[in-house]
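Residues 2 to 200 (the working numbering) are what the sequence shown spells out, left to right. Only one structure is covered here, and it is reproduced in the block below.
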Amino acid sequence: MCALVDSWLVGLKRAPILHSARLLLRPVCVGDVVHIQSSIDDKRVCDNLSYVPHPYTVEMAETWTRNVNFGMANGSCCYWTICDQKTEEFIGSMGLSIHNEQDGCEMHYWVNADQWNKGYCTEAAKRTIVHAFEDIGMHRVFITHRENGLASKTVIKKCGFVLEGILRDSLKRFGKFENVATYSMLHDEYLAMKKNGLY
Ligand SMILES: CC(C)(COP(=O)(O)OP(=O)(O)OC[C@H]1O[C@@H](n2cnc3c(N)ncnc32)[C@H](O)[C@@H]1OP(=O)(O)O)[C@@H](O)C(=O)NCCC(=O)NCCS
C-alpha cells in the first residue's frame with residue numbers, strides 16, 4: 002500500500018485504517034494525488050463541492066494532500082482515501098475536521114463520479130461516524146451541504162443526521178450566493194440508532 006512508503010510522512014500521526022463491508026479507508030498518500038486531481042477536476046464533482054477551484058491542478062492536489070497529512074499531526078483533522086477493499090481501487094475521499102475543544106467534528110466527502118450511486122459514500126460515512134463516536138470520543142458530528150447538493154442530502158439523511166437549519170446565502174460559489182443546509186448527530190442519537198440497527 003503506497004501510504005506505508007511515503008517517506009515525507011514518516012513520523013507523522015496517521016489516519017487509522019478502517020474497514021467496512023466493501024471498503025478500505027486508509028491514510029491519504031502521494032500515490033493518490035493523480036486520482037484526487039482527476040476526480041476533483043471532473044465538473045460533476047467540482048460543481049458540488051463548496052470551495053475547490055476549477056480547473057483543479059496536480060499542484061493543488063499535492064498541496065491538499067500535504068496539508069491534510071500535516072493536519073493529522075496537530076490533531077486538527079483526519080482524512081482517509083476510500084478504496085475498494087479487494088482491489089484497492091481509488092473511490093474517493095472522507096474526512097473529519099476536528100474541533101477538540103468542543104469534542105466535535107465536521108464530516109467532508111466526495112466520490113469519483115464514475116463510482117456514484119453504488120452506496121459507497123453512505124457506507125464510508127457510516128463507518129467514519131462509528132469511528133468518530135466510538136474511537137475518538139466525539140460528542141457531536143456535523144455536516145453541511147449546498148441546498149442543491151441532493152445526492153449528499155440523501156447520504157446525510159441515510160446516515161441519520163438531524164437537520165439544524167438553512168444558512169441563507171452563506172456560500173458564494175462561482176459568483177452566485179447559495180443556501181447551505183447544516184445537520185448534526187449527537188452521541189446519544191448515535192447510540193439510539195445503533196440500538197435500532199442503523200449502526
Ligand atoms: C455526494 C456523493 C459523495 C455521494 O456519493 P455516492 O457514493 O454516490 O453516494 P451513495 O451511493 O452512498 O448515495 C447516494 C444517494 O443519493 C441519491 N441521489 C443521487 N442523485 C440524487 C439526486 N439528484 N437527488 C436525490 N438523491 C440523489 C442516490 O440515489 C443514492 O441514494 P439511494 O442509495 O437511496 O438510491 C457524490 O455524489 C459526490 O461526490 N458528489 C460531489 C461532491 C459532493 O457533493 N460532496 C459532498 C459535499 S457536502
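Note that CB positions come from ideal geometry on N, CA and C, so glycine has one too. All values reported here derive from a predicted model rather than from experimental measurement.
Where residue i sits in the DSSP three-state scheme
i              : result
threonine 183  : strand
isoleucine 130 : helix
threonine 82   : strand
tryptophan 65  : helix
valine 53      : coil
methionine 108 : strand
histidine 146  : strand
lysine 87      : coil
arginine 141   : strand
lysine 159     : helix
aspartate 170  : strand
Closest residue to residue i among the options (Cα-Cα distance)
i           : options                        : result
serine 94   : Ala152, Ile41 and Lys177       : Ile41
valine 46   : Trp65, Glu60 and Gln116        : Gln116
glycine 150 : Arg27, Val181 and Pro54        : Val181
arginine 1  : His36, Ile37, Ser39 and Glu89  : Nothing can be reported for residue 1: it is not among the residues displayed for the chain, which extend from 2 to 200.
alanine 152 : Met61, Gly120, Tyr80 and Asp85 : Gly120
Residue environment, residue i, which counts as buried when at least 16 other CB atoms sit within 10 Å
i              : result
isoleucine 130 : buried
aspartate 170  : exposed
histidine 132  : buried
isoleucine 167 : exposed
tyrosine 52    : exposed
Alpha carbon of residue i to alpha carbon of residue j, nearest angstrom
i            : j             : result
cysteine 78  : leucine 19    : 16 angstroms
leucine 97   : alanine 126   : 10 angstroms
histidine 55 : histidine 140 : 35 angstroms
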